[in-house]
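Peer 1: After the structure tokens below, expect a handful of questions from me.
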Amino acid sequence: MPDTLPVDVDPALVWLLLAPWAPMLAFVFGALWGSFANVVIYRVPRGLSVVRPGSRCPACEVPIAWYDNIPVLSYLLVRGRCRRCGERIALRYLVVELLAGVLSFALYMQHVMRPLVLGGGPAIGAWLLWLVFGLGLLIVTYTDIDLWVIPDEVVLPVAALGLLVAGIDRDVLGVGLIEAMAAGAAGYLLVAGLRWVYLRWRKIEALGLGDGKLLLMIGAFCGAKGLVWALAAGAIQGLVVAVPLLLLGKRVASSELQEVHGDDPELGEDGDGVMGARVPFGPFLAIAAFEYVLLPEQIEALVELVLP
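Given below as structure tokens:
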């Protein structure tokens, strides 16, 4: 937001962007991209095209009609079952669409409506860019939980987009090119260095390079503060979530690491990791990054309180 208020904005644009239905359209827009995110989550880690074939029932493989492919609404109308064979459709499809819709809604309120109400100009570009970043985090969360994979096809283009925007105008994301490059490189090199140490001394791959590429993406968009928050808060929240689940005999991931990636000795044996279990780190980095994007002022106040 500019330092000098108020900012001259076309009244017609103000009326359009502050209309009561505008945030709901932002939710619908996000949910539509959430539907696409579901396709990416399933297909990209498996090397499948996100374009062809069209959406199909995973049980009977019959193409899903357009009226059964409307985000959120169609799932509720068919009660989470295929209209043709009656097989249950995973609740995750609805959850991802809802999360993407809520994310778009929250970012619209943060970057478009709030600045206008305070007398500033709407940051429509920032809303759309942070939505792309958030969708990347959402996709990574589920691919890592499912298959222990953080797709290069997702994180690297989003990281490149963040660097490009930082190079064009630092005010859009609040991060300059030098900081974005340094933070992204630091995140990647930290993981690569720890991975090398573990491979060198313990002969196991404690961290995957996918986590480093995810930190590259986070650093490119969020800068140094966002990178530090993602690392610190991600590690703490990972322990807070993983330890109780493991004590209850539950897994954080949907599958075992060896089950997906084979009997590679560098992956380590049972007994490595948190309480003897391997835990995907990507989802917790993503959650912390979501927090930084949606609650930047609160997080800065918390950091100042802890580290005055």
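Residues in the sequence shown are numbered consecutively from 5, following my numbering. No residue lacks a Cβ here, since even glycine has one placed at the ideal position from N, Cα and C.
#1: Among residues of its own chain, excluding the 5 on either side of residue 112, which ones have a beta-carbon nearer than 6 Å to its beta-carbon?
#2: Could you tell me the alpha carbon to alpha carbon distance between residue 233 and residue 188, rounded to whole angstroms?
#3: Counting contacts by CB-CB distance shorter than 8 Å, is residue 173 in contact with chain D?
#4: How is residue 300 classed by DSSP in three states: helix, strand or coil?
#5: Consult DSSP for residue 85 and reduce its assignment to one of helix, strand or coil.
#6: Tell me whether residue 53 is buried or exposed, calling it buried when 16 or more other Cβ atoms sit within 10 Å of its Cβ.
#7: Alpha helix (DSSP H) containing residue 103: first to last residue?
#8: How close, in whole Å, do the beta carbons of residue 248 and residue 151 come, if the pair is a contact with beta carbons under 8 Å?
#9: Can you list, in chain order, the residues of its chain whose CB lies under 6 Å from that of residue 224, leaving out five sequence neighbours each side?
#10: Considering only the alpha carbon of each residue, which of 114, 129, 128 lies closest to residue 122?
#11: Give the DSSP-derived three-state secondary structure of residue 75 in the structure shown.
#12: For the alpha helix (DSSP H) that contains residue 143, what are its first and last residues?
#13: Output yes or no for whether 8 Å exceeds the beta carbon distance between residue 127 and residue 116.
#14: Which of helix, strand or coil does DSSP assign to residue 1?
#15: Can you check whether the CB of residue 227 is closer than 8 Å to the CB of residue 191?
#16: Given a cut-off of 8 Å on the beta-carbon distance, is the pair residue 91 and residue 64 in contact?
#17: Taking residue 282 as the reference, give the member of 292, 148, 95 with the closest Cα.
Peer 2: Inspection of the coordinates gives the following:
#1: By one-based count along the sequence shown, residue 112 stands at place 108. Counting only Cβ-Cβ distances below 6 Å, and skipping sequence neighbours, we find 27, 30, 131.
#2: Locating residue 233 in the sequence shown gives position 229, where the first residue counts as 1. Locating residue 188 in the sequence shown gives position 184, where the first residue counts as 1. Their backbone Cα atoms lie some 13 Å apart in a straight line.
#3: No chain D appears in the structure shown, which is made up of a single protein chain.
#4: Taking the sequence shown and counting its residues from 1, the one referred to as residue 300 is at position 296. Three-state DSSP puts residue 300 in a helix.
#5: The count along the sequence shown starts at 1 and reaches residue 85 at position 81. Strand at residue 85.
#6: Here the question's residue 53 lines up with position 49 in the sequence shown. Residue 53 should be labelled exposed.
#7: As a working mapping, residue 103 is identified with position 99 in the sequence shown. That run of the alpha helix (DSSP H) goes 96 to 112.
#8: Reading the sequence shown from its first residue, position 244 is the one you call residue 248. Reading the sequence shown from its first residue, position 147 is the one you call residue 151. Not a contact, Cβ separation roughly 24 Å.
#9: Translated into the one-based positions of the sequence shown, residue 224 becomes position 220. Within the same chain, residue 224 has close Cβ partners 163, 166, 167, 184, 188.
#10: By one-based count along the sequence shown, residue 122 stands at place 118. Among 114, 129, 128, the Cα nearest to that of residue 122 is on 114.
#11: Within the sequence shown, residue 75 is the residue found at index 71, counting from 1. It is coil, neither helix nor strand.
#12: Indexing the sequence shown from 1 puts residue 143 at position 139. For residue 143, the uninterrupted alpha helix (DSSP H) segment begins and ends at 128 to 151.
#13: Position 123 of the sequence shown, counted from the first residue, corresponds to residue 127. Position 112 of the sequence shown, counted from the first residue, corresponds to residue 116. A contact, by the Cβ cut-off of 8 Å.
#14: Residue 1 lies beyond the stretch modelled for the chain, which goes from 5 to 312, so this question has no answer here.
#15: Walking along the sequence shown from the start, residue 191 turns up at place 187. Walking along the sequence shown from the start, residue 227 turns up at place 223. No, the pair does not count as a contact, with Cβ atoms beyond the cut-off.
#16: Against the sequence shown, residue 91 aligns to sequence position 87. Against the sequence shown, residue 64 aligns to sequence position 60. Yes, the pair counts as a contact, with Cβ atoms nearer than the cut-off.
#17: Translated into positions along the sequence shown, residue 282 becomes position 278. Checking every option, the nearest Cα to that of residue 282 belongs to 148.
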